[in-house]
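In the working numbering, the protein residues as written are -9 to 426.
Glycine included, C-beta positions come from ideal geometry on N, C-alpha and C.
Here the structure is a predicted model, which means the values were calculated and not measured.
Here is the structure we will look at, set down as structure tokens.
Structure below.
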């Protein structure tokens, strides 16, 4: 049996078996790939006569102008030939060996100042017809972290009092919890009788187009020309992480099917990192300036039965503890960033209360959730010191080796468990500035 042409196979067997079972948004992307690239290039060829070299040449040309689009279209072509193999028309897939273009690591998100400027630019388009509708869509994208298609095609039947119940998201049905600001945006949308929250002006029975022409204008007005519309989703996730929202919760907010997909959002801006380092430095400096006897007196009052910390020499009478420490341990001045690293883990991040975290005596170890991971460039055996302060744990390490290794919190705190008997011991040592 003579194999059909590429066009005949696509419009016949492939569309009937595979294409018609796809989601509308997926079919729309496939239609675009077929109409603009695949059918003009391979439509007249017989399936068994499309050589791998021709596929390579087409992909290389397309990649020069649209590398991401070339990747998506290559995926469609690969699916078509896989089905052709299943139907017995060909024995090999000519897309094998064609390497997809590397995906750039995108870390762009809006700073607080940029969010303010974008908000002002969007406000300027209120009462301007289609521009106002598009501005409201952009606001919701920023406030919910939703994908563009989820908001553009949003139906009133999916809008609840405090959440959206999306029936056709990228990863299947999901619930989006609405904050007060997002609820306010939805509350002011007019009810025109359309099933859609944002209907097409020419035909209210359809949702508006995915094309948001206003975006190009408002990003210019806000001075954020390098920001893509999808970066609003990235912004939502990044600011959630900076607010100490645990990654599993961020994953649910974004509707990720796998938690690992959320890791690409777990970065903090350089400015936030520098500010955090300054805050920690000031806090440590304040602690180290306290006299040793007052810290120990406080610890003794809280725990009169505590035993001395193993391996610790008493501070000489009348000598400032922080000075004694610095003279006994050269380079130990954490406040001056001469050595050591500080990791502050929020109680909300670890999921453990302060009493669980500071239980340093039980069986000489501390048990925390295995999912809590800290990357600090530490090596097992480094001298670790733990300070329990209300709702967080601060770990300092004097020696940093083997950078890039990842340790669970159990690993990090386990190494320090033999040094302290109770949270009072920890508080006394840190307050006295004894960091050796």
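Quiz item: Run through DSSP, which three-state label would residue 165 get?
Solution: Translated into positions along the chain shown, residue 165 becomes position 175. If DSSP states are grouped into helix, strand and coil, residue 165 belongs with the strands.
Practice problem: Please confirm if the region 58 to 77 is in contact with the region 21 to 36, defined as three or more CB-CB distances below 8 Å between the two stretches. | Solution: Of all C-beta pairs linking the region 58 to 77 to the region 21 to 36, three or more are shorter than 8 Å, placing the two stretches in contact.
Quiz item: How big is the Cα-Cα spacing for residue 102 and residue 54?
Solution: Here residue 102 refers to the residue found at position 112 when the chain shown is read from its first residue. Here residue 54 refers to the residue found at position 64 when the chain shown is read from its first residue. Approximately 35 Å between the Cα atoms of the pair.
Quiz item: Less than 9 Å separating the beta-carbons of residue 209 and residue 137?
Solution: In the chain shown, the residue the question calls residue 209 occupies position 219. In the chain shown, the residue the question calls residue 137 occupies position 147. Annotated as distal: residue 209 and residue 137, with beta-carbon spacing of 9 Å or more.
Quiz item: Quick one: what does DSSP say residue 154 is sitting in, helix, strand or coil?
Solution: Position 164 of the chain shown, counted from the start, is the residue given in the question as residue 154. Annotated three-state conformation of residue 154 is strand, per DSSP.
Quiz item: From which residue to which residue does the beta strand (DSSP E) around residue 195 run?
Solution: Residue mapping note: residue 195 aligns to position 205 of the chain shown, counting from 1. Residue 195 -> beta strand (DSSP E) spans 193 to 197.
Quiz item: Would you call residue 151 buried or exposed, if buried means 16 or more other Cβ atoms sit within 10 Å of its Cβ?
Solution: The residue labelled residue 151 in the question sits at position 161 within the chain shown. Classification of residue 151: exposed, given that the 10 Å Cβ count is below 16.
Quiz item: Going by beta carbon distance, what residues of the same chain come within less than 7 Å of residue 146, once the five residues before and after it are set aside?
Solution: Position 156 of the chain shown, counting from 1, holds the residue named residue 146. Excluding positions up to five away in sequence, the list reads 185 and 187.
Quiz item: Which residues does DSSP pair with residue 190 in a beta bridge?
Solution: Here the question's residue 190 lines up with position 200 in the chain shown. Paired residues: 193.
Self-check item: Completely contained alpha helix (DSSP H) runs for the region 49 to 77, where each covers 4 or more residues
Solution: Complete alpha helix (DSSP H) runs here, min 4: 57 to 76.
Quiz item: Could you give the distance in angstroms between the alpha-carbon of residue 0 and the alpha-carbon of residue 77?
Solution: Along the chain shown, one-based indexing puts residue 0 at 10. Along the chain shown, one-based indexing puts residue 77 at 87. A direct Cα-to-Cα measurement between residue 0 and residue 77 gives close to 12 Å.
Quiz prompt | Close beta carbons around residue 213, own chain, < 7 Å, minus the five adjacent residues each side | solution = Start at 1 with the first residue of the chain shown, and residue 213 comes out as number 223. Counting only Cβ-Cβ distances below 7 Å, and skipping sequence neighbours, we find 107.
Exercise. Give me whichever residues DSSP pairs with residue 182 in a beta bridge.
Key: On the chain shown, residue 182 is found 192 positions in, with the first residue counted as 1. Answer by DSSP bridge pairing: none, since residue 182 is not bridged.
Quiz item: Using the C-alpha atoms, what's the distance from residue 111 back to residue 341?
Solution: In the chain shown, counting from the first residue as 1, residue 341 sits at position 351. In the chain shown, counting from the first residue as 1, residue 111 sits at position 121. Confidence is the limiting factor: at residue 341 the pLDDT is only 35, short of 50, which leaves the residue's position unreliable and the question unanswerable from this model.
Self-check item: From 126, 141 and 89, residue whose alpha carbon lies closest to that of residue 175
Solution: Numbered from 1 along the chain shown, position 185 holds the residue referred to as residue 175. From the listed residues 126, 141 and 89, the smallest Cα separation to residue 175 is found for 126.
Quiz item: Would you report the Cα separation of residue 172 and residue 216, rounded to the nearest angstrom?
Solution: Against the chain shown, residue 172 aligns to sequence position 182. Against the chain shown, residue 216 aligns to sequence position 226. The straight-line gap from Cα to Cα measures roughly 25 Å.
Exercise. Apply the 10 Å Cβ neighbour rule to residue 75 and answer buried if 16 or more other Cβ atoms are within range, or exposed otherwise.
Key: Position 85 of the chain shown, counting from 1, holds the residue named residue 75. The residue in question, residue 75, is exposed, as its Cβ has fewer than 16 Cβ neighbours within 10 Å.
Exercise. Compare the C-alpha of residue 239 against each of 189, 166 and 45 and name the closest.
Key: The residue you call residue 239 lines up with position 249 of the chain shown. Residue 239 has its Cα closest to that of 166, out of 189, 166 and 45.
Quiz item: When the cut-off is 9 Å and only beta carbons count, does residue 223 lie next to chain C?
Solution: Although the question refers to chain C, the structure presented lacks it and comprises just one protein chain.
Exercise. With DSSP as the reference, label residue 209 as helix, strand or coil.
Key: The residue you call residue 209 lines up with position 219 of the chain shown. Annotated three-state conformation of residue 209 is helix, per DSSP.
Exercise. Under 6 Å Cβ to Cβ from residue 40, same chain only, skipping five residues before and after it: list those, please.
Key: Counted from its first residue, the chain shown places residue 40 at position 50. Excluding sequence neighbours, residue 40 sits near 32 and 84.
Quiz item: From residue 180 to residue 61, what distance separates their C-alpha atoms?
Solution: Within the chain shown, the letter at position 190 stands for residue 180. Within the chain shown, the letter at position 71 stands for residue 61. If you take the alpha carbons of residue 180 and residue 61, they lie about 40 Å apart.
Self-check item: Test item: CB-CB of residue 15 and residue 139 under 9 Å
Solution: Here residue 15 is taken as the residue at index 25 of the chain shown, counted from 1. Here residue 139 is taken as the residue at index 149 of the chain shown, counted from 1. With contacts defined as CB atoms closer than 9 Å, residue 15 and residue 139 qualify as a contacting pair.
Quiz item: Distance, Cα to Cα, residue 143 vs residue 203?
Solution: Translated into the one-based positions of the chain shown, residue 143 becomes position 153. Translated into the one-based positions of the chain shown, residue 203 becomes position 213. About 16 Å.
Quiz item: By Cβ distance below 8 Å, which residues in the same chain neighbour residue 73 in space, the five residues on each side in sequence not counted?
Solution: Counting from 1 along the chain shown, the entry for residue 73 is found at position 83. Around residue 73: 3, 4, 7 and 8.
Practice problem: May I have the straight-line CA-CA distance separating residue 245 from residue -9, to the nearest angstrom? | Solution: The residue labelled residue 245 in the question sits at position 255 within the chain shown. The residue labelled residue -9 in the question sits at position 1 within the chain shown. Rounded to whole angstroms, residue 245 to residue -9 spans 47 Å at the Cα level.
Practice problem: Give me the Cα-Cα distance between residue 190 and residue 38, rounded to the nearest whole angstrom. | Solution: In the chain shown, the residue the question calls residue 190 occupies position 200. In the chain shown, the residue the question calls residue 38 occupies position 48. Roughly 44 Å between the two C-alpha positions.
Self-check item: Reduced DSSP secondary structure (H/G/I, E/B, other) of residue -5
Solution: In the chain shown, residue -5 corresponds to position 5, counting from 1. Judged by DSSP in its simplified three-state form, residue -5 adopts strand.
Practice problem: Go ahead and label residue 225 buried or exposed: buried means 16 or more other beta carbons lie within 10 angstroms of its beta carbon, across all protein chains shown. | Solution: Numbered from 1 along the chain shown, position 235 holds the residue referred to as residue 225. Buried is the label assigned to residue 225, since at least 16 other Cβ atoms lie within 10 Å of its Cβ.
Self-check item: Where the alpha helix (DSSP H) through residue 226 begins and ends
Solution: The sequence position of residue 226 within the chain shown is 236, counting from 1. That run of the alpha helix (DSSP H) goes 221 to 232.
Quiz item: Skipping 5 residues on each side, what residues in its chain have a beta carbon closer than 7 Å to that of residue 80?
Solution: The count along the chain shown starts at 1 and reaches residue 80 at position 90. Cβ contact annotation for residue 80 (same chain, cutoff 7 Å, sequence separation greater than five): -7, 37, 38, 71 and 74, in chain order.
Practice problem: For the alpha helix (DSSP H) holding residue 15, just list the boundary residues, first then last. | Solution: Position 25 of the chain shown, counted from the start, is the residue given in the question as residue 15. Here the alpha helix (DSSP H) through residue 15 covers 14 to 23.
Practice problem: Closer than 7 Å by C-beta to residue 182: which residues in its own chain qualify, once you throw out the five before and the five after it? Chain order, please. | Solution: Mapped onto the chain shown, residue 182 falls at position 192. Closer than 7 Å at the Cβ level, and outside the excluded window around residue 182, lie 189 and 194.
Quiz item: Going by alpha carbons, who is nearest to residue 200 out of 207, 219 and 211?
Solution: Translated into the one-based positions of the chain shown, residue 200 becomes position 210. Checked all of 207, 219 and 211; the closest Cα to residue 200 is 219.
Practice problem: Determine the contact status of residue 46 and residue 87, defining contact as a CB-CB distance below 9 Å. | Solution: Residue mapping note: residue 46 aligns to position 56 of the chain shown, counting from 1. Residue mapping note: residue 87 aligns to position 97 of the chain shown, counting from 1. Yes, the pair counts as a contact, with Cβ atoms nearer than the cut-off.
Self-check item: Beta-carbon spacing of residue 93, residue 58 below 9 Å
Solution: The sequence position of residue 93 within the chain shown is 103, counting from 1. The sequence position of residue 58 within the chain shown is 68, counting from 1. Yes, the Cβ-Cβ distance between residue 93 and residue 58 is below 9 Å.
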